[in-house]
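For the protein sequence lines, the chains are A and V, in the order given.
For the first sequence, the working numbering gives the first residue as -13, with consecutive numbering after it.
For the second sequence, the working numbering gives the first residue as 51, with consecutive numbering after it.
Below: the structure, in structure tokens.
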Amino acid sequence: MILSNIQLKNFRSHKSLNLNFSSGLNYIIGGNGQGKTSVIEAIVYLCTAKGHTVKTDGEAVCFNEDRFEIAGIFRGETENRANVIYTKSQNKKSYFKNEKKITRAADIIGKFPVVLLSPDDHAITQGTPGERRRFIDSVISQASETYFRNLLDYNKTLLQRSSLLNQIKDHRSKNMLSELDAWSSILVRTGSYIIKQRKRFINSFNEYVSQSYALIMEQAETPEVFYAHLGNYTGEDIEKEFERQIARRKEEEIARGTNLVGPQRDDFIFSLNGNNLKTYGSQGQHKTFQVALRFAEFFYLKEITGTEPIFLLDDVFGELDTHRAQKISQYLTNVEQAFITVTDLSNFSFLKRNETDNVIMLKAGEVTYA
Amino acid sequence: MQIAQPLQVAVEELSKLPGIGKKTALRLALFILKSNKESVDQFIKSLSELKSKLRLCSRCFNLAEDELCQVCMSQKRDKSIICVVEEASDVIAIERTNEYNGLYHVLGGVLSPLSGIGPESLKIKELINRFNSENIKEVLLAINPDTEGETTTLYLAKLIKPLGIRVTRIARGLPIGGDLEFADEATIGRAVNGRIEF
Chain A
-13 MILSNIQLKN FRSHKSLNLN FSSGLNYIIG GNGQGKTSVI EAIVYLCTAK
37 GHTVKTDGEA VCFNEDRFEI AGIFRGETEN RANVIYTKSQ NKKSYFKNEK
87 KITRAADIIG KFPVVLLSPD DHAITQGTPG ERRRFIDSVI SQASETYFRN
137 LLDYNKTLLQ RSSLLNQIKD HRSKNMLSEL DAWSSILVRT GSYIIKQRKR
187 FINSFNEYVS QSYALIMEQA ETPEVFYAHL GNYTGEDIEK EFERQIARRK
237 EEEIARGTNL VGPQRDDFIF SLNGNNLKTY GSQGQHKTFQ VALRFAEFFY
287 LKEITGTEPI FLLDDVFGEL DTHRAQKISQ YLTNVEQAFI TVTDLSNFSF
337 LKRNETDNVI MLKAGEVTYA
Chain V
51 MQIAQPLQVA VEELSKLPGI GKKTALRLAL FILKSNKESV DQFIKSLSEL
101 KSKLRLCSRC FNLAEDELCQ VCMSQKRDKS IICVVEEASD VIAIERTNEY
151 NGLYHVLGGV LSPLSGIGPE SLKIKELINR FNSENIKEVL LAINPDTEGE
201 TTTLYLAKLI KPLGIRVTRI ARGLPIGGDL EFADEATIGR AVNGRIEF
């Protein structure tokens, strides 16, 4: 599947922009502030109905404007059109697929699979556990609608349950405690499903990670991802353990008015040759690991969904040494469609270039194809 | 836009209805305007009677014209089984199937701490009281299978089972006439998990 055209109206810095893309590599070239990342973000919006840099949709609307529009055409076995329209004054966002309004996120996520490699990825290996859960959840969600729906259900259950915990903290009653039991059972049911799916995912994902790592690095470093769940539980009976912990910490949960047990507190640990990356990794090893994770995501989604994801590389080559950048660009020539932003191609003469590469220059709102 | 005041008011009132936007509201208002007086009066009467003549059944909280609803008053229903639903509209949905011949109990919602709806806000105490005054052998839980609904189902099952009453829930699975390959993953997944033995 490839994205063949995108049109932006009042999106971030672009008043009006119309771009044609080809299969293979699409270089988006422009100086700082020319709107390269905006193009990448618009593609992310088309695939996920959300942006990756903006905190709210309102931030993505052009200064002094009220509404942005993104329209894209995807070509695969069939042609699909996607539109995202957001109106700031009503804080209303609509997503359309082939002119038909789609309201459920589960009907959007994973339908146009996308993988984004950007400088923000440092948070995956160097940031909080929440960043790692977000990464892992987004990969599984793109591959499995059932997982994504269970995740949404689980988050809703967490909100309901913490609200009830707070109410019990203020005025405890027998009724409320038996209601809490019901919420706990549902939490355990959905939460155990999530833990089991993550375990299963990590088992198969590890192979993709080591293959991708080997692609970038020649030295024999062995990467591995561990899933630390329910504290450091290593047994097989997830439900039982979840129930046991939630029963044990019930009073603590009530006293603090918050959920203390479950996959919302899990973490993923990355290691190289058995050493914890977070503690022992060099900056270069972190960067390589982040790139390997994104490539692994790409191959995993390709395998599982049967559709080759669109690969977005935002401002990545500046951060890598020439050797590694070269290896990556060499590999990218095999990808069905990738988008790469760089400030200036002449600085990246080592990039593997193909006759068919599409080079798009952005300057002061003007577009030229080279 | 300048339109006559009565028309504007009617459009505004109509567009308060669910699923009706400004355009549809205008179309409806103009249609009503063109209709003859009798049919408009009939329409108004039916709407106002909806409010004045209907109330909640004092036993099961289904919609009723009298103290008790038609189901509770009927001699033909099986009075040993109660089907518990969220809203009166669910009663209508189940009645349309003609597959169920027992009684109902309308909870009036589902548990939702975030919206401040606890067991006391639902007609749960009233349900339990019915076990004393009526000869109930089975409770069929037919609550929507979303997060809040599932929790309510579980809460009720735990509450009722110790009272020595059989508790069942409606099956979840594939729609009749639906092709397996067109059903969504979540539905198929649940149908597989809830499989039954021949």
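Glycine residues also receive a C-beta, built at the ideal position from the N, C-alpha and C atoms.
Just so we're clear, the structure is a prediction, and the values are computed from it rather than from any experiment.
Alpha-carbon to alpha-carbon, residue j and residue i
{"i": "G21 of chain A", "j": "G351 of chain A", "result": "8 Å"}
{"i": "I26 of chain A", "j": "Q(-7) of chain A", "result": "12 Å"}
{"i": "G292 of chain A", "j": "Y150 of chain V", "result": "44 Å"}
{"i": "H155 of chain V", "j": "S164 of chain A", "result": "21 Å"}
{"i": "D101 of chain A", "j": "Y317 of chain A", "result": "A small correction: the amino acid at residue 101 of chain A is Val; Asp does not occupy that position in the sequence shown. Near 15 Å, if we compare the C-alpha coordinates of Y317 of chain A and V101 of chain A."}
{"i": "G304 of chain A", "j": "G44 of chain A", "result": "30 Å"}
{"i": "N161 of chain A", "j": "T89 of chain A", "result": "36 Å"}
{"i": "I290 of chain A", "j": "I224 of chain A", "result": "25 Å"}
{"i": "L287 of chain A", "j": "I180 of chain A", "result": "18 Å"}
{"i": "I110 of chain A", "j": "L67 of chain V", "result": "47 Å"}
{"i": "G260 of chain A", "j": "V195 of chain A", "result": "14 Å"}
{"i": "T342 of chain A", "j": "L204 of chain V", "result": "60 Å"}
{"i": "K155 of chain A", "j": "G10 of chain A", "result": "58 Å"}
{"i": "L216 of chain A", "j": "R184 of chain A", "result": "12 Å"}
{"i": "R53 of chain A", "j": "K87 of chain V", "result": "45 Å"}
{"i": "C3 of chain V", "j": "A57 of chain A", "result": "Outside the shown range of chain V (51 to 248) lies residue 3 of chain V, about which nothing can therefore be said."}
{"i": "Y213 of chain A", "j": "I188 of chain A", "result": "7 Å"}
{"i": "E85 of chain A", "j": "L209 of chain V", "result": "48 Å"}
{"i": "G177 of chain A", "j": "A68 of chain A", "result": "33 Å"}
{"i": "L57 of chain V", "j": "Q92 of chain V", "result": "19 Å"}
{"i": "Y219 of chain A", "j": "T265 of chain A", "result": "22 Å"}
{"i": "I226 of chain V", "j": "N148 of chain V", "result": "16 Å"}
Residue nearest to residue i in terms of C-alpha spacing, selected from the options
{"i": "H272 of chain A", "options": "A:E289, A:I202, A:A46 and A:Y317", "result": "A:I202"}
{"i": "G223 of chain V", "options": "V:T203, V:C110 and V:P195", "result": "V:P195"}
{"i": "Q112 of chain A", "options": "A:L(-11), A:S268 and A:G96", "result": "A:S268"}
{"i": "R135 of chain A", "options": "V:E88, V:G239 and V:V59", "result": "V:G239"}
{"i": "G214 of chain V", "options": "V:L204, V:N185 and V:T202", "result": "V:N185"}
{"i": "S162 of chain V", "options": "V:C107, V:G152, V:T202 and V:N148", "result": "V:T202"}
{"i": "F285 of chain A", "options": "A:A92, A:A129, A:T42 and A:L151", "result": "A:A129"}
{"i": "H309 of chain A", "options": "A:Q323, A:N6, A:T329 and A:L337", "result": "A:L337"}
{"i": "C119 of chain V", "options": "V:D128, V:L106, V:K126 and V:S130", "result": "V:L106"}
{"i": "P105 of chain A", "options": "A:A233, A:T39, A:T265 and A:D93", "result": "A:T39"}
{"i": "Q323 of chain A", "options": "A:T274, A:S8 and A:V302", "result": "A:S8"}
{"i": "A91 of chain A", "options": "A:L32, A:K182 and A:D307", "result": "A:L32"}
{"i": "V160 of chain V", "options": "V:A143, V:I132, V:L206 and V:G152", "result": "V:L206"}
{"i": "H108 of chain A", "options": "A:S335, A:F256, A:T319 and A:N340", "result": "A:F256"}
{"i": "A200 of chain A", "options": "A:L258, A:V247 and A:S190", "result": "A:L258"}
{"i": "L150 of chain A", "options": "A:K236, A:F82, A:E51 and A:K74", "result": "A:K236"}
{"i": "V135 of chain V", "options": "V:G152, V:G166 and V:S96", "result": "V:G152"}
{"i": "F191 of chain A", "options": "A:Q76, A:I122 and A:G37", "result": "A:I122"}
{"i": "N50 of chain A", "options": "A:T73, A:S170 and A:I59", "result": "A:T73"}
{"i": "N182 of chain V", "options": "V:S130, V:E200, V:I226 and V:P169", "result": "V:S130"}
{"i": "T42 of chain A", "options": "A:E65, A:K78 and A:G19", "result": "A:K78"}
{"i": "A168 of chain A", "options": "A:I126, A:E229, A:E204 and A:T208", "result": "A:E229"}
{"i": "G221 of chain A", "options": "A:N152, A:K182 and A:I232", "result": "A:K182"}
{"i": "E210 of chain A", "options": "A:L331, A:A282, A:T244 and A:V247", "result": "A:A282"}
{"i": "R118 of chain A", "options": "A:F334, A:F275 and A:N333", "result": "A:F275"}
Bridge-paired residues (DSSP) for residue i
{"i": "D300 of chain A", "result": "A:T327"}
{"i": "M347 of chain A", "result": "A:I15 and A:T354"}
{"i": "Y81 of chain A", "result": "A:V70 and A:I88"}
{"i": "E55 of chain A", "result": "A:K(-5) and A:I71"}
{"i": "D253 of chain A", "result": "A:A214"}
{"i": "I(-12) of chain A", "result": "A:R61"}
{"i": "I167 of chain V", "result": "V:S162"}
{"i": "Y266 of chain A", "result": "Y266 of chain A pairs with nothing; no bridge assigned."}
{"i": "L5 of chain A", "result": "A:I(-8)"}
{"i": "L103 of chain A", "result": "A:L299"}
{"i": "H309 of chain A", "result": "For H309 of chain A, which the question treats as bridged, DSSP gives no partner whatsoever."}
Presumed contact (8 Å Cβ cut-off) between residue i and residue j, rounded CB distance
{"i": "G16 of chain A", "j": "L279 of chain A", "result": "About 27 Å; that fails the 8 Å criterion."}
{"i": "K(-5) of chain A", "j": "E55 of chain A", "result": "4 Å"}
{"i": "I29 of chain A", "j": "I296 of chain A", "result": "7 Å"}
{"i": "L172 of chain V", "j": "L157 of chain V", "result": "5 Å"}
{"i": "A54 of chain V", "j": "S65 of chain V", "result": "Incorrect: roughly 16 Å between the Cβ atoms, too far for contact."}
{"i": "D253 of chain A", "j": "P115 of chain A", "result": "4 Å"}
{"i": "Y13 of chain A", "j": "I326 of chain A", "result": "5 Å"}
{"i": "A35 of chain A", "j": "F(-3) of chain A", "result": "So it is not a contact: roughly 14 Å between Cβ atoms."}
{"i": "V302 of chain A", "j": "L103 of chain A", "result": "5 Å"}
{"i": "A192 of chain V", "j": "I246 of chain V", "result": "Not quite, the Cβ-Cβ distance comes to about 18 Å (not below 8 Å), so this is no contact."}
Beta-carbon neighbours of residue i, restricted to chain B and to distances below 9 Å
{"i": "K208 of chain V", "result": "Among the protein chains of the structure shown, namely A and V, there is no chain B."}
Suppose only complete runs of 3+ residues qualify. What are the beta strand (DSSP E) ranges in the region 162 to 227 of chain A, listed by chain order? 209 to 214
Could you name each continuous alpha helix (DSSP H) segment of 4 residues or more that falls completely within the region 179 to 219 of chain V, going from the start of the chain to the end? 197 to 210
Just to confirm the assignment: which complete alpha helix (DSSP H) runs, minimum length 4, are found wholly within the region 77 to 147 of chain V? 87 to 103, 120 to 123 and 138 to 147
Report the start-end ranges of each alpha helix (DSSP H) in the region 116 to 140 of chain A that is 4 residues or longer and not cut off at the edges. none
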